[in-house]
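Trainee: Numbering (the working numbering), first residue to last: 51 to 302.
We put the CB at the ideal spot given by N, CA and C, even for glycine.
Fair warning: this is a prediction, and the values are worked out from it, not measured in the lab.
This is the structure I have questions about; it appears just below.
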């Protein structure tokens with residue numbers, strides 16, 4: 051199986067789920083529209099933009115893209131490098147296709163002025179408060195929302211793949227330990243860090259106020275910096291994933 055065949059094989063796994071996903075998206079919009087018009091106009095709303103749902107979907111797809119592909123490729127004499135290169139190509143294709151679909155659907159929803167959304171259904175316009183501008187500015191911003199959504203979706207899909215490869219490589223007992231530690235940090239990490247910060251005389255607060263928060267504000271305020279940060283994170287995750295994957299064997 052060569053690179054093109056691997057791309058086709060892995061891409062075929064996404065066709066059905068993506069179609070089902072957008073079918074559910076359309077069905078949810080129809081359901082919410084009926085509720086607003088016939089039951090209660092203030093009962094349910096959607097928010098965050100269309101791509102906020104797609105990013106969750108592709109994150110889950112990333113989590114589910116590894117277990118079956120690794121043994122299948124290795125059994126057919128395909129190298130890990132070829133498999134992973136094909137997956138990166140598939141990530142680009144799927145993320146671009148869904149970013150384009152989200153942009154088109156969000157534009158149609160905004161043009162129809164459906165009352166089921168709080169603000170614009172375009173994630174880019176909603177995040178940066180670019181709604182209600184003139185036709186020219188809205189058109190340009192809508193075009194820019196495509197690469198914005200593409201980078202975000204690619205990042206979430208890469209993150210999901212990284213996590214599953216990382217845990218796949220760990221021994222079973224270590225997976226339990228890492229999972230337990232992650233859960234502990236999720237609930238008690240911030241309070242614990244605050245206690246350490248108080249005990250040491252607030253050094254973390256100083257660093258956050260003088261370096262981290264200004265950097266975060268600068269990134270969040272600029273769409274280009276936001277996209278650049280996401281792109282760097284995606285590339286870094288992809289590189290680390292390859293370092294882990296290149297010596298991964300099929301788990302027994």
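1. Cβ of residue 60 within 8 Å of Cβ of residue 147?
2. Short of 7 Å in beta carbon distance, which residues of its chain neighbour residue 220, apart from the five on each side in sequence? Order them along the chain.
3. Under the three-state reduction of DSSP, which class applies to residue 108: helix, strand or coil?
4. Roughly how many whole angstroms lie between the Cα atoms of residue 158 and residue 109?
5. Work out the CA separation of residue 138 and residue 289 for me, nearest whole Å.
6. Considering only C-alpha positions, which residue in the set 191, 167, 168 and 166 is nearest to residue 178?
7. Out of 175, 244 and 211, which has the shortest C-alpha to C-alpha gap to residue 272?
8. Residue range of the alpha helix (DSSP H) that residue 132 falls in?
9. If we count the other Cβ atoms within 10 Å of its Cβ and call it buried at 16 or more, is residue 208 buried or exposed?
10. Report back the beta-carbon spacing between residue 199 and residue 153 to the nearest angstrom; my notes put them in contact at under 8 Å.
11. Buried or exposed: where does residue 81 fall if 16 or more other Cβ atoms within 10 Å of its Cβ makes it buried?
12. What's the gap between the Cα of residue 98 and the Cα of residue 173?
Mentor: So, from the data block:
1. For this step, residue 60 is matched to residue 10 along the chain shown. For this step, residue 147 is matched to residue 97 along the chain shown. No, these two residues do not count as a Cβ contact at 8 Å.
2. Here the question's residue 220 lines up with position 170 in the chain shown. Non-local beta-carbon contacts of residue 220 in its own chain, meaning distances under 7 Å to residues more than five positions away in sequence, involve 228 in chain order.
3. For the purposes of this step, residue 108 is taken as the residue at position 58 of the chain shown. In this structure, residue 108 counts as helix in the three-state DSSP scheme.
4. By one-based count along the chain shown, residue 158 stands at place 108. By one-based count along the chain shown, residue 109 stands at place 59. So the two alpha carbons sit approximately 25 Å from each other.
5. Translated into the one-based positions of the chain shown, residue 289 becomes position 239. Translated into the one-based positions of the chain shown, residue 138 becomes position 88. Each residue's alpha carbon lies about 11 Å from the other.
6. Locating residue 178 in the chain shown gives position 128, counting from the first residue. Here the closest residue by C-alpha is 191.
7. For the purposes of this step, residue 272 is taken as the residue at position 222 of the chain shown. The shortest C-alpha separation from residue 272 is found at 175.
8. For the purposes of this step, residue 132 is taken as residue 82 along the chain shown, with counting starting at 1. That run of the alpha helix (DSSP H) goes 130-162.
9. Reading the chain shown from its first residue, position 158 is the one you call residue 208. Answer is buried; the Cβ neighbour count reaches 16.
10. As a working mapping, residue 199 is identified with position 149 in the chain shown. As a working mapping, residue 153 is identified with position 103 in the chain shown. The Cβ separation is near 7 Å, so the contact holds.
11. Within the chain shown, numbered from 1, the residue matching residue 81 stands at position 31. Only exposed fits residue 81, as fewer than 16 other CB atoms lie within 10 angstroms of its CB.
12. As a position in the chain shown, residue 98 is number 48, starting the count at 1. As a position in the chain shown, residue 173 is number 123, starting the count at 1. So the two alpha carbons sit approximately 6 Å from each other.
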